[in-house]
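Below is one structure; the comments refer to it alone.
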Amino acid sequence: VNDSELADFAALSLENSYSVRFIEYMPVIKSDKWQSLVLSGEEILNRLAEQYSFTQVVSGGLNGPAREFKIAGACGTIGVITPLTGHFCHDCNRIRISASGKVKTCLFSDKEFDLKPVLSSGDLASIQAVLRDLIMSKPASHGMTKTSSSHVPFAMSQIGG
């Protein structure tokens with residue numbers, strides 16, 4: 351966990367039009383001590399406020415689960431993703447497609463849909479319909495909290511995270 355480098359990472363947005371995102375530590379490994387590693391989104395913002403002045407950016411929903419902020423005078427933005435302390439499921443516009451062709455509509459669900467057959471068909475209308483149905487079937491909540499959660503049965507690198 352590299353929380354000692356928050357200000358350094360945020361500085362990347364000063365002279366570059368980068369969107370630097372900070373995400374709360376999530377229980378993706380089997381460890382009884384994961385709760386001690388959680389740094390809340392509010393704590394991230396509080397630490398950054400010690401060095402920078404910033405304001406929230408209204409994004410129109412295109413940033414998915416991230417709350418975006420702009421440091422005064424910066425070219426880019428910083429964002430905070432808070433799956434544990436600030437549930438964003440109702441605003442989440444993300445799905446993940448793994449290298450093996452499996453679709454996850456929620457990062458913390460063990461449910462997957464095999465997209466390979468519909469992709470193999472080459473039928474663009476069918477692909478669009480399946481993706482639309484999957485997006486519309488996203489769960490209402492992931493059920494995690496800062497103090498309790500079951501661990502997800504995969505490594506982030508398996509799903510492009």
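Counting in our numbering, the sequence shown runs from 351 upward without gaps. A virtual CB, placed ideally from N, CA and C, is assigned to each residue, including glycine.
Bounding residues of the alpha helix (DSSP H) (the contiguous stretch that carries residue i)
{"i": "Ala-399", "result": "391-399"}
{"i": "Ser-369", "result": "Per DSSP, Ser-369 belongs to no alpha helix (DSSP H); it is in the beta strand (DSSP E), 369-373."}
{"i": "Arg-444", "result": "Per DSSP, Arg-444 belongs to no alpha helix (DSSP H) and is neither H nor E."}
Coarse secondary structure for residue i, derived from DSSP in three states
{"i": "Phe-458", "result": "coil"}
{"i": "Val-408", "result": "coil"}
{"i": "Asp-464", "result": "strand"}
{"i": "Ala-360", "result": "helix"}
{"i": "Ala-424", "result": "coil"}
{"i": "Val-453", "result": "strand"}
{"i": "Val-430", "result": "strand"}
Of the residues the options, the one placed nearest residue i, counting alpha carbons only
{"i": "Leu-481", "options": "Ala-422, Ala-490, Gly-451 and Gly-391", "result": "Gly-451"}
{"i": "Ala-399", "options": "Val-407, Asp-483, Ser-471 and Ala-360", "result": "Ala-360"}
Spatial distance of residue i from residue j (CA atoms)
{"i": "Asp-460", "j": "Lys-466", "result": "18 Å"}
{"i": "Leu-362", "j": "Ile-485", "result": "33 Å"}
{"i": "Gln-478", "j": "Asp-441", "result": "21 Å"}
Limits of the unbroken beta strand (DSSP E) element including residue i
{"i": "Glu-355", "result": "Note, Glu-355: premise wrong, no beta strand (DSSP E); not H, not E."}
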